[in-house]
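Worksheet: the structure to be examined is printed underneath.
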Amino acid sequence: AKKSRRGGFVMFSAEMGSDIRERVRLLQSLRSAVESERLFIVYQPQVDLITNAVVGLEALIRWRNEDGTFVPPDRFIPLAEASGMIIAIGDWVLRMACHELVRLQGQGAKDIRMSVNVSQIQFRNPEFIDKLKSALSDTSIQPECLELEITESVAMEDADFMLETLHSVRELGISIAIDDFGTGYSSLSQLRQLPIDRLKIDRAFVSELSDDVMGGHIASMVIELGRNLQLKVIAEGIESEAQAARLKQLGCHEGQGYLYAKPMTSVLLKDWLKERGA
Ligand code: C2E
Ligand code: CA
Ligand code: CA
Ligand code: CA
Numbered sequence: 304a305k306k307s308r309r310g311g312f313v314m315f316s317a318e319m320g321s322d323i324r325e326r327v328r329l330l331q332s333l334r335s336a337v338e339s340e341r342l343f344i345v346y347q348p349q350v351d352l353i354t355n356a357v358v359g360l361e362a363l364i365r366w367r368n369e370d371g372t373f374v375p376p377d378r379f380i381p382l383a384e385a386s387g388m389i390i391a392i393g394d395w396v397l398r399m400a401c402h403e404l405v406r407l408q409g410q411g412a413k414d415i416r417m418s419v420n421v422s423q424i425q426f427r428n429p430e431f432i433d434k435l436k437s438a439l440s441d442t443s444i445q446p447e448c449l450e451l452e453i454t455e456s457v458a459m460e461d462a463d464f465m466l467e468t469l470h471s472v473r474e475l476g477i478s479i480a481i482d483d484f485g486t487g488y489s490s491l492s493q494l495r496q497l498p499i500d501r502l503k504i505d506r507a508f509v510s511e512l513s514d515d516v517m518g519g520h521i522a523s524m525v526i527e528l529g530r531n532l533q534l535k536v537i538a539e540g541i542e543s544e545a546q547a548a549r550l551k552q553l554g555c556h557e558g559q560g561y562l563y564a565k566p567m568t569s570v571l572l573k574d575w576l577k578e579r580g581a
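Mapping of the sequence shown onto full-length UniProt numbering: position 63 corresponds to residue 366, and the numbering continues sequentially without gaps.
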């Protein structure tokens with residue numbers, strides 16, 4: 304039963320039933336996608352807004368069906384989280400991304416870091432730090448080149464446990480970015496306690512940026528906050544030169560978005576980096 308708005312309980316409707324059946328179906332095909340290796344990773348470049356140099360890559364997971372259609376991560380990640388599959392999937396993404404960076408560095412791409420999204424379920428798992436350690440040693444990635452992206456809500460909850468895990472990550476030499484920053488409700492005092500390196504301005508606030516002075520209040524606030532707390536700031540979802548110019552003017556360090564490049568497969572990325580001389 305689902306709690307209704309008035310506080311009472313309503314029974315499952317036919318619509319909810321079909322929603323559940325749909326979720327079960329999706330979960331079954333996710334299992335078989337994992338087994339038949341139909342998951343892969345794409346990489347989106349992150350650039351220095353002043354020099355335009357490539358400074359990082361974000362690993363983003365993709366699921367391609369047998370018929371060639373894609374299931375967006377926003378749809379299957381929540382399911383992978385609810386079923387616990389995210390632990391194995393997330394560990395796989397982490398290892399693949401580390402391998403990719405080491406390979407790119409071998410091909411001459413220096414001074415580039417790899418950012419990996421980490422779900423709250425992974426982060427809360429007691430084995431997370433051990434898994435991180437073994438990914439580091441198995442792939443021989445330099446920890447300084449690895450960054451984990453966790454969402455604002457994750458960083459703020461269960462303060463003690465989270466804080467401990469964040470510290471352990473940092474002790475390994477890995478940096479931490481707060482993803483989708485500005486969408487949560489973290490207070491300044493909470494934020495300044497966190498051992499983090501970077502704030503990532505959510506796409507929603509970047510798209511609000513326009514040439515006029517009124518747009519982009521939140522983006523400029525986050526940049527200011529970053530300045531005060533001595534954190535790096537990156538903006539995601541930059542699609543226009545105007546947005547990039549405004550962010551740069553506001554003092555944002557780095558950016559990521561279709562203006563620079565869409566997420567690319569490993570093969571395309573290699574050529575893209577070569578063309579940029581990175
Ligand atoms: P996110 O971490 O906030 O990732 C940014 C999303 O914005 C990505 O969507 C990216 O493709 C998209 N994007 C980048 N630049 C632009 C732009 O200029 N314009 C627009 N409109 N979109 C842009 P994607 O790849 O569909 O991923 C969606 C979400 O799924 C991610 O949001 C992240 O929360 C989750 N996700 C993706 N891969 C993983 C993963 O390996 N592990 C976990 N836990 N979550 C993942
Ligand atoms: Ca992210
Ligand atoms: Ca984000
Ligand atoms: Ca987002």
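Beta carbons: idealized from backbone N, C-alpha and C, even for Gly. None of these values were measured; they are calculated from a predicted model.
Is DSSP giving Gln347 helix, strand or coil here?
-> strand
Going by the beta-carbon positions, is the gap between Glu542 and Gly519 smaller than 8 Å?
-> no
Report buried or exposed for Asn355, applying the criterion of at least 16 other Cβ atoms within 10 angstroms of its Cβ.
-> exposed
Mind checking Glu450: buried by the 16 CB within 10 Å criterion, or exposed?
-> buried
Under 6 Å Cβ to Cβ from Ala564, same chain only, skipping five residues before and after it: list those, please.
-> Pro348
At a Cβ threshold of 8 Å, is Gln410 touching chain D?
-> In summary, chain D is missing from the structure at hand, where a single protein chain is found.
Quick one: grab the DSSP three-state call for Ala304.
-> The pLDDT assigned to Ala304 is 44, lower than 50, so where the model puts this residue is not dependable, and the model offers no usable value.
Which residues does DSSP pair with residue 269 in a beta bridge?
-> For residue 269 there is no data in the structure shown, the boundaries of the chain being 304 and 581.
Who are the Cβ neighbours of Arg473 in its own chain at under 6 Å, not counting the five residues just before and after it?
-> Pro498
How close, in whole Å, do the beta carbons of Glu455 and Ser489 come, if the pair is a contact with beta carbons under 8 Å?
-> 6 Å
In chain order, each alpha helix (DSSP H) run of at least 4 residues that lies wholly inside the stretch 435-461 | 455-459
Residues in its own chain within less than 7 Å of Gly310 by CB, not counting five upstream and five downstream?
-> Because Gly310 sits at a pLDDT of 48, beneath the cut-off of 50, its placement in the model cannot be relied upon, and the following sentence gives the value as read from the coordinates. Excluding residues within five positions, none has a Cβ falling inside 7 Å.
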